[in-house]
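Numbered by mature numbering (1 follows the signal peptide of the UniProt record, and there is no 0), the letters in the sequence shown go through residues -27 to -1, 1 to 586 in order.
Heads up, the beta-carbon is just placed ideally off N, CA and C, and yes, glycines get one too.
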Amino acid sequence: MKRTTCRVGAAAGLLALIAAAAVPARAGEAPEGPDRDSVAVGRGGAVATVDPDATEAGMRVLRSGGNAVDAAVAAAAALGVTEPYSSGFGGGGYFVYYSAAEGRVHTLDGRETAPAAMREDSFLEDGEPIPFEEAVTSGLSVGAPGTPATWERAVEQWGSRPLQYVMRPAIRLAERGFTVDATFNEQTAANAERFADFPATAELFLPGGAPPEVGTVLRNPDLADTYRDFARHGASVLEGEIGADVVETATAPPVAPGADRQVRPGLLSAGDLADYEVVERDPTHVDYRGLDVYGMAPSSSGGSTVGEALNIIDTRDPAELAPEEIQHLTLEASKLAYADRNAYIGDPAHVDVPLETLLSEDYARQRACLVEPDSVLAAPVAPGDPGAGNGDGDACAPSSAPAGPEPEGPSTTHLVTADRWGNVVSYTLTIEQTGGSGITVPGRGFLLNNELTDFDFRVSETGAGAANLPAPGKRPRSSMAPTIVLRDGEPWLALGSPGGATIITTVLHVLVDRVDRGMTLPEAVAAPRLSQRNAEQTQAEPGFFDTPEEKALSELGHVFAETPEIGAVSALEFLDRGRIQAVAEPRRRGGGHAAVLRERGWEPPGPGSGAAR
Ligand code: GLU
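What follows is the structure in structure tokens.
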């Protein structure tokens, strides 16, 4: 058995230790039994998020007749209160929406943008990239937030309730407070050192100088006020006093006197906030086993990379493949798709992205011909040549891809909603790192993002990274992959995950597990997860080791690196007779929460119920 242990940072290691003490099973192991918190079945609408308060905020809006869009924004705003280190008012994200009335999928790109003053070399000093952890906790990495404009646009364009109504549950939650759970406590502890260096952050998240104890109530009246202003005036609050505070905080981060930390100032201006626009984009689309899979187009690499990998897998008939052969093909497909992602995906306003070719079946066939049934492609593999119309020449050229997978943190959050009319939302949002920049806007109750660290700071010696260099007004490449799948023209699945670059592989594996490997959706969400991102080693959760599958794949030549946790999926599936199954993460990050409007027919998922069609 080839097995290595992945290096994890001290904070992640500490998190894993605490998490291990808090939950009975290891991450990635199937739950011992069906869990009523993480799976709900019924009719009339559904919500799944990582947090019971956020799920309840969405449900409250559905119960009072709001639609899936209203519920998604209500739940996201609640997550800004209870999961402020994963997402919030100071961040960005991607909103994917199926409109039942139109029978089509829309998407909103609410990604943060670089300031107009940002330059290609803004993250370099003396020609060298600044240390990554210093870039994280800086004003320099703060992009113009996209989340306020996303919420406003979604509710205005597709919602059925005014923003003031939709924001109400989150305002109440911020005012009254929420009960601190183990995950919140751990995330605060892991960030405590840097939070302490910013008085506004310390005041909010380190009451009495320490992480709030599990079971205590944490209130955020400043955020309640910010939300109230936003509910009244929409995203234009970023052009008023709140915006002025954001700019001041990013350009002159308020560091505690005597703090021994270099916090670089940001470049954000009032003009950047005023110029911010959420972009409605065509979704990515691939036909996978006769299903229509819709995802997020660039500036995210989520839809294109999941789509390309699915197209490669779709060149083989699953009926002819054993489960471990499907897994081998999936790992090789994600390796190849990642090579293309790294080479070609960037903000399409700045980079010519060959999206159509990358998602074409012809191109997938060229890439698929590289996959051998009985051996493993040496990683990193080279990107293909979508411009040549024939990928096989350059596909075998020496690699220009990075050498190995960096551990990805469990930041970001994903939620899904559905309503009685058949509308569906799949929404991933973030402030990038867990805790974002660590810098709270004084008096406003929210953390600023550090999304601009998703840029490549410079082109590598082998030429990788050019598509994703910083530039004025550019959106850094994301991996967020909110996905909606239609079957026979009707919504069937919605899913997504946090986890940085592992988001793509998580979404890919859940889809393949559900569609090709006979798992039910709860089984696919809980299954031990793998992440192959064009590296020599495939990251794998502990529950994968010592299984027959691991043995078979290792014999083929796959090498696995143990990683404590990968992703945390929220998903839903339309079952028969109008029933919806909402599925939240059962264990990872302390488990999520799924709910349906009228619970009906909940039963432990039985064997065989995993067949897609
Ligand atoms: N910034 C990441 C992205 O857009 C998400 C953050 C994370 O999940 O770690 O891909």
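>> If I measure Cβ to Cβ from L146 and keep anything under 8 Å in the same chain, skipping five residues before and after, which residues do I get?
In response: Counting only Cβ-Cβ distances below 8 Å, and skipping sequence neighbours, we find D26, A30, A51, V54 and T55.
>> Whole angstroms are fine: how far does the CA of G64 sit from the CA of M140?
In response: Straight-line Cα distance between these residues: approximately 17 Å.
> Is it the case that the Cβ atoms of G268 and V251 are separated by a distance below 7 Å?
Replying inline: 7 Å or more divides the Cβ of G268 from the Cβ of V251.
>> Let me check one thing: in DSSP terms, what residues is A544 bridge-paired to?
In response: Paired residue(s): L468 and V556.
>> Please classify K308 as buried or exposed, where buried requires at least 16 neighbouring CB atoms within 10 angstroms.
In response: That one is buried.
> What is the DSSP secondary structure of V219, reduced to helix, strand or coil?
Replying inline: In the structure shown, V219 sits in a helix (DSSP, three-state: H, G or I).
> So, helix, strand or coil for Q505, using DSSP?
Replying inline: Coil.
>> Starting from G31, trace the beta strand (DSSP E) in both directions and tell me its first and last residue.
In response: No beta strand (DSSP E) contains G31, which is instead part of the alpha helix (DSSP H) from P25 to R36.
>> Suppose the cutoff is 6 Å on Cβ atoms and the five residues either side in sequence are ignored; what does the same chain contact list for A208 look like?
In response: Within its own chain, the residues whose Cβ lies closer than 6 Å to the Cβ of A208, once the five positions on either side in sequence are excluded, are P121, A122 and E125, listed in chain order.
> E334: buried (16+ other C-beta within 10 angstroms of its C-beta) or exposed?
Replying inline: Burial check for E334: the Cβ neighbour count within 10 Å stays below 16, so the residue is exposed.
> How many whole angstroms separate the CB atoms of V153 and E176, which I take to be in contact at a CB cut-off of 8 Å?
Replying inline: 16 Å between Cβ atoms; not a contact.
> Is there contact between the region 551 to 564 and the region 7 to 21, where contact requires at least three CB pairs shorter than 8 Å?
Replying inline: Short answer: they touch.
>> Any beta carbon from chain D within less than 7 Å of D392's own beta carbon?
In response: This model lacks chain D altogether, as it is built from one protein chain only.
> For V210, does the count of other Cβ atoms within 10 angstroms reach 16, so buried, or fall short, so exposed?
Replying inline: Taking all protein chains in view, the Cβ of V210 is crowded by 16 or more other Cβ atoms within 10 Å, so the residue is classified as buried.
> Is M32 near the ligand GLU, going by C-beta to nearest heavy atom under 6 Å?
Replying inline: Shortest gap from the CB of M32 to any heavy atom of the ligand GLU: 6 Å or more.
> In its own chain, which residues sit with a C-beta less than 8 Å from the C-beta of Y234, not counting the 5 before and 5 after it?
Replying inline: The amino acid at residue 234 is misidentified as Tyr; the sequence shows Arg. Beyond the five residues adjoining it in sequence on each side, R234 comes within less than 8 Å, by CB distance, of T110, R167, D170 and V228 in the same chain, given in chain order.
>> Looking at the secondary structure, which residues open and close the beta strand (DSSP E) in which H531 lies?
In response: That residue, H531, is in no beta strand (DSSP E); it is neither H nor E in DSSP.
> Which residues bound the alpha helix (DSSP H) around H301?
Replying inline: Counting along the chain, the alpha helix (DSSP H) containing H301 begins and ends at P296 to Y317.
> For S274, which residues of its own chain have a beta-carbon under 8 Å away from its beta-carbon, when the five flanking residues on both sides are left out?
Replying inline: So the qualifying residues of the chain are R314, I318, R450, S451, S452 and I477.
> In whole angstroms, what separates the C-alpha of R237 from that of T426?
Replying inline: Straight-line measurement puts the Cα of T426 at about 13 Å from the Cα of R237.
>> On a Cα-Cα basis, can you pick out the residue from D392, A204, V414 and P415 that is closest to L570?
In response: The residue from D392, A204, V414 and P415 with its alpha-carbon nearest to that of L570 is D392.
> Terminal residues of the continuous alpha helix (DSSP H) containing H206?
Replying inline: P194 to H206 is the span of the alpha helix (DSSP H), which, as asked, contains H206.
>> Using a Cβ-Cβ cutoff of less than 7 Å, which residues in the same chain neighbour T224 once the five nearest sequence positions on both sides are dropped?
In response: Same-chain partners within the cutoff: G112, P238, G239 and L241.
>> Could you tell me the alpha carbon to alpha carbon distance between H79 and S72, rounded to whole angstroms?
In response: Straight-line Cα distance between these residues: approximately 8 Å.
> Looking at G472 and the ligand GLU, is the gap between the Cβ and the nearest heavy atom below 6 Å?
Replying inline: Because some heavy atom of the ligand GLU lies under 6 Å away, the Cβ of G472 counts as near it: yes.
>> Let me check you understand the geometry: is the CB of M140 closer than 6 Å to at least one non-hydrogen atom of the ligand GLU?
In response: No, Cβ of M140 sits at least 6 Å from all heavy atoms of the ligand GLU.
> Can you tell me the Cα-Cα spacing of P230 and P172, whole angstroms?
Replying inline: So the alpha carbons of these two residues sit roughly 9 Å apart.
>> Can you give me the C-alpha to C-alpha distance between A368 and T199, rounded to a whole angstrom?
In response: Legend: pLDDT at A368 = 42, less than 50; position of this residue unreliable, no value from coordinates given.
>> Between which two residues does the alpha helix (DSSP H) holding A439 run?
In response: For A439, there is no enclosing alpha helix (DSSP H), as DSSP marks it with neither H nor E.
> Which runs of the beta strand (DSSP E) spanning at least 3 residues fall entirely within the region 397 to 423, listed in chain order?
Replying inline: Counting whole runs of 3 or more residues, the region 397 to 423 contains the beta strand (DSSP E) stretches 397 to 403.
>> Quick check on this structure: which residue in P495, L35, A270 and D549 has the alpha carbon closest to the alpha carbon of R84?
In response: Closest in alpha carbon position to R84, among P495, L35, A270 and D549, is A270.
>> Tell me the rounded alpha-carbon separation between R573 and A567.
In response: Inter-residue distance for R573 and A567 is about 14 Å (C-alpha atoms, whole angstroms).
> For L179, does the three-state DSSP call read helix, strand or coil?
Replying inline: L179 falls in the coil class under three-state DSSP.
> Sorted by chain position, which residues of the same chain lie with C-beta nearer than 6 Å to V306's C-beta, five sequence neighbours on each side aside?
Replying inline: Before going further, note that residue 306 is Ala rather than Val in the sequence given. Hits under 6 Å: A282, I285 and I286.
> Helix, strand or coil: which one does DSSP assign to S451?
Replying inline: In the three-state scheme derived from DSSP, where H, G and I count as helix and E and B as strand, S451 is classed as strand.
> By DSSP, does V389 sit in helix, in strand, or in coil?
Replying inline: The three-state reading of DSSP puts V389 in strand, counting E and B together.
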